[in-house]
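Worksheet: the structure to be examined is printed underneath.
There are 2 protein chains.
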Amino acid sequence: MLGLMMDEPLLVASLLRHADRYHGDTEIVSRTAEGPIHRYTYRQAHERTRRLANALTRLGVKPGDRVGTLAWNGFRHFELYFAVSGMGSVIHTINPRLFPDQIAYIAGHAEDAYVCFDITFAPLVEKMAAACKVVKGWIAMTDRAHMPAARIPNLLCYEELLAAESDGFDWPTFDENTASGLCYTSGTTGNPKGVLFSHRSTVLHACVITMPDATDLSSRSSILPIVPMFHVNAWGIPYAAPLVGAKLVFPGPGLDGASLYELFETEKVNRSSGVPTVWLGILHHMKQHNLRFSTLEKVVIGGAACPPAMIRTLNEDYGIRVQHGWGMTEMSPIGTINSPKLKHDALAPQERFELSLKQGRPVFGVDMKIVDGEGKELPRDGKAFGDLLVKGPWIVREYFRGEGGNPLRPGGWFPTGDVGTIDPDGYLQITDRSKDVIKSGGEWISSIDLENIAMGHPGVMEAAVIGVRHPKWDERPLLVVVKKAGALLTREELLAFYEGKVAKWWLPDDVVFVEQLPHTATGKLSKLTLREQFKDYALPTAAASAIPRDPARA
Amino acid sequence: MLGLMMDEPLLVASLLRHADRYHGDTEIVSRTAEGPIHRYTYRQAHERTRRLANALTRLGVKPGDRVGTLAWNGFRHFELYFAVSGMGSVIHTINPRLFPDQIAYIAGHAEDAYVCFDITFAPLVEKMAAACKVVKGWIAMTDRAHMPAARIPNLLCYEELLAAESDGFDWPTFDENTASGLCYTSGTTGNPKGVLFSHRSTVLHACVITMPDATDLSSRSSILPIVPMFHVNAWGIPYAAPLVGAKLVFPGPGLDGASLYELFETEKVNRSSGVPTVWLGILHHMKQHNLRFSTLEKVVIGGAACPPAMIRTLNEDYGIRVQHGWGMTEMSPIGTINSPKLKHDALAPQERFELSLKQGRPVFGVDMKIVDGEGKELPRDGKAFGDLLVKGPWIVREYFRGEGGNPLRPGGWFPTGDVGTIDPDGYLQITDRSKDVIKSGGEWISSIDLENIAMGHPGVMEAAVIGVRHPKWDERPLLVVVKKAGALLTREELLAFYEGKVAKWWLPDDVVFVEQLPHTATGKLSKLTLREQFKDYALPTAAASAIPRDPARA
């Protein structure tokens, strides 16, 4: 028997319509690619968004068509989010930090009908436009006076398109499972894969992230999303802010500490979000000029584990509550946010601090579990670690155009590629990447734990632990170390350093000293390259393996 | 083109499963009908709820079947909410304050397979059981030791049913539009009509009411819903609390000031909700014993307009933030909640206080508009008042079994039966009931405004204004007054008292003095009866209406 409630679909356009009707004079403030600060209201944003929908319709954009963006966080990007999805088309946010040929691949794979770009990216567009045969036109997100001089085919002016239209546009009603947005993940191997969000997933995700234990967003908030709108929809904030009537402050291209700090202060920002790196820039600027935050209260930090020292500084020196978050493009992206429960008020300060280092609890809608190599669920005891699987209405079922096949495990769980623990209170701690864990005789060894111990030795500059093929145990850990200049450090000394710190069978089977470790373009240790370098490495223990031997599992 | 997100339905059982997994040791505390305080955790509640689902299955309850309850707010009622809906059946909460024959009508109309009742209501069940042929059995929500001695056919013991079962029960997955709950509205005319909630509507409603501008519910909350679980699901709190991991405190039958205050204090309650009357009891008890709240921060008050003096007392004397709420059974029930925006911090205290008297802004998901007699939308200027229409995914589309036909207006809007204003910031103020408004020559006159003015006269004890038939103007206002003992008050004096306070054409056409006004069983003024009494009343202005005359519309 079905219920008798109204059949009202969850649609992206309804978020902006709600903001217009009930928060019409609340502001959206943007630092622009052209330079000046732009300022208007949700009502004006909605009016321009309707003009934009008319303009795109006139250009021939149809429901289901993709419209690409190469843009900073700003009001025109916000208008594109709502106009494109609102008319039933798909907003495809492209990361302008990718290489031009990657961008051309993505725009081609998505078959973007048009691509809209901030003038900052005119040189990039000029370089790649010829390779994007499928794109019918390129829309510069600016007015006539600031149109780029670049040689771009079918170049259109955003403000001219809007000026030619009326604001009479009724948002159509359709199935809430209709695609609303597309975002490609840049995996370490293979081609980027597209995640195709729906109106339903986008609106549900927006609802849940506003809750008090999540971003705690309301009509009393002024939020500055530092995390880019080209990176998983700025973690959903451009949708959540109109839902609750929060003031939105967009930093545009000004992602340096000075520019961000200025906006925090002038726009009375009290909520923000971003990756650890940008907070380093802000803290550096503030320390240098002896500055304080006047209104900032809470920040969500994710994308990478936030260094404990940064949490401490923000907390203790600046009075900011830092919340660790974790998610991924495939999860829209929020999976967990760290918020202490009422009972944690009783913890000692150090225990509370340690709790805050975890990635947090899943928001309602996300379910998660950890499993071993055979897919068997592991206990939620904060100690067992395993592959992290997730499930929920804003988690990917398959990639755009079936790329990569069926990604799901039995039961419909999505494997995150992360390894972690879940404690009895539901707090997730990411301990490793699945591909970096060392699988020894059916048991798992955390590469990160072993690296952290090595890094604690005064003679070690940098350390990496990878799994190397072993005839008996499948894989055994190999420690690769860069010594500090002048350090006299031996293999035996390092192995002895592990004693008493981990179970005996976790001890690396060998140590190799190198001049340097391989890193990715973004400065991260490249274990992929390292594994490639050592793929034929003969462990000393491998030779002895003809004689059965059982490393004690203390 | 559809998105590629997981097809995970929004189901009621997932709320409790989430609480079990991520808030397993958070408490549910209940004052019981048997007397003692009962205390357990979400994990234990989930375990017993699975046993209950097995017990109901064994009794032959099938998906779609209705299971009735006559119960206070307590842990067994909570278990029934989740077991019955979770297995795909429909929890039908019955208001035990109705007359026995009304209850028998409702249970019969709903075709309840079983009815579960708190032992308090054994005498009531004994009285009506014979009239409920459709009910297969009556389950006393208690253990063997407390089983009522009443003569009830097919009487079963809740705790015995649970004890006989295992906790092995997997919540089935089904269409989120499946019916989950049923609640009858007791209209002033006609038979009660059933509102049939769905899993989707229940979960969406639960998400939205946890938001910071609504109840601000989180894992840091301890919430005591005073509003009964038999009255529109205690405003959704039993669903919202497990969603966020809030501690739940159930008052059971102890709705007097002393019992409630004790629970507030012992259970460190910081959130609550209820109708104005119960708060009167609490405040009376506190004043009498010179008590203070130690932990209570915020309360949502709805069901009836909260007297301004009560808001002031709670705010100023006790430091409690009072939020006006408005809704109805047909809306699951939350429509609006009053929360000031950031910009309202700039208001003077008196202006903020006046804002707090309004019913509040719609939560996301609810859209509303006011229309005139022809259905034309009226401006959102805080002055124009009209019929309030609403729309959203947790608002009724039609009543159970088509009772009363199609209730919707063109465009799918539900008419609330309330009349109100909406200001430019989206705040609703209820000014009247649609049927009480006086429709004079196509224009509307607020009966409540005219009554409030009369009540301001020192000689008036009670006043009511109703519309009386008029040959020219359709209706004109008639003022019916009970004088204070000894007051010498004339018709002319009262009419003169209105001058300068309202537009001339709003002036009552006549005044009638009576000994007393009719009231309903719950003490409310019964305008229905009054209109019946005065339906043939000849207004002095009616005689003159043969000669066209135009009351000045100042």
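Chains as they are written, first to last, in the working numbering: chain Y, 1 to 554; chain U, 1001 to 1554. The C-beta atom is built at its ideal place from N, Cα and C for all residues, glycine as well.
Evaluate the contact criterion for the segment 1240 to 1259 of chain U versus the segment 1066 to 1076 of chain U: three or more CB pairs, one atom per stretch, below 8 Å. yes
Run through DSSP, which three-state label would Y:Gly417 get? Taking the first sequence and counting its residues from 1, one reaches residue 417 of chain Y at position 417. If DSSP states are grouped into helix, strand and coil, Y:Gly417 belongs with the strands.
What are the boundary residues of the beta strand (DSSP E) that includes Y:Tyr427? Within the first sequence, residue 427 of chain Y is the residue found at index 427, counting from 1. Taken as a continuous stretch (DSSP letters only), Y:Tyr427 belongs to no beta strand (DSSP E), as it is neither H nor E.
As a quick exercise: from Y:Ala71, Y:Arg220 and Y:Asn54, pick the residue whose alpha carbon is nearest that of Y:Thr93. As a first step, residue 93 of chain Y must be located in the first sequence, where it is residue number 93. Comparing Cα positions, the closest option is Y:Ala71.
Does the beta carbon of Y:Met310 fall short of 7 Å from some heavy atom of the ligand MG? Questions concerning the ligand MG fall outside what the structure shown contains, since it holds no ligand whatsoever.
CA-CA distance, Y:Val322 and Y:Arg271? Here residue 322 of chain Y refers to the residue found at position 322 of the first sequence. Here residue 271 of chain Y refers to the residue found at position 271 of the first sequence. Approximately 10 Å between the Cα atoms of the pair.
For U:Ser1218 and Y:Val269, the rounded distance between their alpha carbons: As a first step, residue 269 of chain Y is located in the first sequence; it is residue number 269 there, counting from the start. As a first step, residue 1218 of chain U is located in the second sequence; it is residue number 218 there, counting from the start. Each residue's alpha carbon lies about 23 Å from the other.
Y:Leu378 versus Y:Val419: straight-line alpha-carbon distance, rounded: In the first sequence, counting from the first residue as 1, residue 378 of chain Y sits at position 378. In the first sequence, counting from the first residue as 1, residue 419 of chain Y sits at position 419. Answer to the nearest angstrom: the Cα atoms are 12 Å apart.
U:Arg1019 in three-state terms, based on DSSP: Stepping through the second sequence from its first residue, residue 1019 of chain U is reached at position 19. First, the residue type needs correcting, since residue 1019 of chain U is Ala and not Arg in the sequence shown. If DSSP states are grouped into helix, strand and coil, U:Ala1019 belongs with the helices.
If we cut at 8 Å on Cβ distances, does U:Ile1547 have a partner in chain Y? Residue mapping note: residue 1547 of chain U aligns to position 547 of the second sequence, counting from 1. Only weak support exists for where U:Ile1547 lies, its pLDDT of 46 falling under 50; the coordinates are left without a value.
Please give me, in chain order, every unbroken run of the alpha helix (DSSP H) with length at least 4 that falls completely inside the segment 503 to 545 of chain Y. 527 to 533 and 540 to 543
Could you check the C-alpha separation between Y:Thr277 and Y:Gly392 for me, to the nearest Å? By 1-based counting over the first sequence, the position of residue 277 of chain Y is 277. By 1-based counting over the first sequence, the position of residue 392 of chain Y is 392. Whole-angstrom Cα-Cα distance: 29 Å.
Hey, how far is the Cα of U:Ala1384 from the Cα of U:Asp1367? Mapped onto the second sequence, residue 1384 of chain U falls at position 384. Mapped onto the second sequence, residue 1367 of chain U falls at position 367. Whole-angstrom Cα-Cα distance: 18 Å.
Measuring alpha carbon to alpha carbon, tell me which residue in U:Ala1496, U:Gly1375, U:Leu1347 and U:Glu1515 is nearest U:Ala1485. Position 485 of the second sequence, counted from the start, is the residue given in the question as residue 1485 of chain U. Among U:Ala1496, U:Gly1375, U:Leu1347 and U:Glu1515, the Cα nearest to that of U:Ala1485 is on U:Glu1515.
Please confirm if U:His1285 has its CB atom under 8 Å from at least one CB of chain Y. Along the second sequence, one-based indexing puts residue 1285 of chain U at 285. With 8 Å as the cut-off, U:His1285 does not count as an interface residue toward chain Y.
Report the residues of the segment 1442 to 1456 of chain U with a CB closer than 7 Å to any CB of chain Y, ordered along the chain. none
Would a check of beta-carbon distances place Y:Lys341 closer than 8 Å to chain U? Your numbering for residue 341 of chain Y matches position 341 in the first sequence. Interface residue, yes.
When the Cα of U:Gly1190 is compared with those of U:Leu1528, U:Ala1304, U:Met1128 and U:Ala1543, which residue comes out closest? As a working mapping, residue 1190 of chain U is identified with position 190 in the second sequence. If we check each option's Cα against that of U:Gly1190, U:Leu1528 comes out closest.
Please list the segments of the alpha helix (DSSP H) lying wholly inside the segment 1180 to 1244 of chain U, counting only runs of 4 or more residues, in order along the chain. 1199 to 1209 and 1237 to 1244
Rank Y:Gly88, Y:Arg51 and Y:Glu47 by C-alpha distance to the C-alpha of Y:Val67 and give the top, closest one. Here residue 67 of chain Y corresponds to residue number 67 of the first sequence, with the count starting at 1. That would be Y:Gly88, whose Cα lies nearest to the Cα of Y:Val67.
Can you tell me which of U:Pro1362, U:Val1208, U:Arg1200 and U:Thr1142 puts its alpha carbon nearest to the alpha carbon of U:His1038? The residue given as residue 1038 of chain U occupies position 38 in the second sequence. Of the candidates U:Pro1362, U:Val1208, U:Arg1200 and U:Thr1142, the one whose C-alpha sits nearest the C-alpha of U:His1038 is U:Thr1142.
Between Y:Asp170, Y:Ala179, Y:Leu80 and Y:Ala543, which has its C-alpha nearest Y:Val195's C-alpha? Start at 1 with the first residue of the first sequence, and residue 195 of chain Y comes out as number 195. Among Y:Asp170, Y:Ala179, Y:Leu80 and Y:Ala543, the Cα nearest to that of Y:Val195 is on Y:Ala179.
Using a beta-carbon distance cut-off of less than 8 Å, what residues from the segment 1188 to 1203 of chain U approach chain Y? Val1195, Leu1196, Phe1197, Ser1198, His1199, Arg1200 and Ser1201
Would you mind stating whether Y:Val244 and Y:Trp235 have Cβ atoms separated by less than 8 Å? Numbered from its first residue, the first sequence carries residue 244 of chain Y at position 244. Numbered from its first residue, the first sequence carries residue 235 of chain Y at position 235. Against a cut-off of 8 Å, the Cβ pair of Y:Trp235 and Y:Val244 comes out as no contact.
At the level of alpha carbons, what is the spacing between U:Leu1280 and U:Ala1538? Here residue 1280 of chain U refers to the residue found at position 280 when the second sequence is read from its first residue. Here residue 1538 of chain U refers to the residue found at position 538 when the second sequence is read from its first residue. Their Cα atoms are separated by approximately 41 Å.
With DSSP as the reference, label Y:Thr329 as helix, strand or coil. Indexing the first sequence from 1 puts residue 329 of chain Y at position 329. Looking at Y:Thr329 - three-state DSSP - the assignment turns out to be helix.
Y:Arg469 lies in the beta strand (DSSP E); which residues open and close that run? Position 469 of the first sequence holds residue 469 of chain Y. Looking at the DSSP string, the run of the beta strand (DSSP E) that includes Y:Arg469 is Val460 to His470.
Buried or exposed (CB count within 10 angstroms, at least 16 for buried), U:Asn1290: Along the second sequence, read from residue 1 onward, the residue named residue 1290 of chain U stands at position 290. That one is exposed.
Could you name the residues of chain Y that U:Val1322 contacts, counting a contact when the two beta carbons are closer than 7 Å? Locating residue 1322 of chain U in the second sequence gives position 322, counting from the first residue. Simply none; closest approach about 17 Å.
Terminal residues of the beta strand (DSSP E) in which U:Ser1030 lies: The residue you call residue 1030 of chain U lines up with position 30 of the second sequence. Counting along the chain, the beta strand (DSSP E) containing U:Ser1030 begins and ends at Glu1027 to Arg1031.
How about Y:Thr210: is its C-beta nearer than 8 Å to some C-beta of chain U? Reading the first sequence from its first residue, position 210 is the one you call residue 210 of chain Y. Yes, Y:Thr210 lies at the interface with chain U (some Cβ there is under 8 Å from its Cβ).
What residues from chain U crowd round Y:Ser557, counting only those whose CB sits closer than 8 Å? Summary: the structure shown does not reach residue 557 of chain Y, with chain Y confined to residues 1 through 554, and so no result is reported for it.
Distance between U:Gly1003 and Y:Phe197 (C-alpha atoms, nearest Å): If you number the first sequence from 1, residue 197 of chain Y lands on position 197. If you number the second sequence from 1, residue 1003 of chain U lands on position 3. Taking the straight line from one Cα to the other gives about 5 Å.
Whole beta strand (DSSP E) elements within the segment 1068 to 1150 of chain U, 3-residue minimum: 1090 to 1093, 1112 to 1117 and 1137 to 1140
Any 3 or more C-beta pairs closer than 8 Å across the segment 1308 to 1318 of chain U and the segment 1334 to 1341 of chain U: no
Within 8 Å (strictly less), CB to CB, does U:Leu1016 reach chain Y? The residue given as residue 1016 of chain U occupies position 16 in the second sequence. Closer than 8 Å: no.
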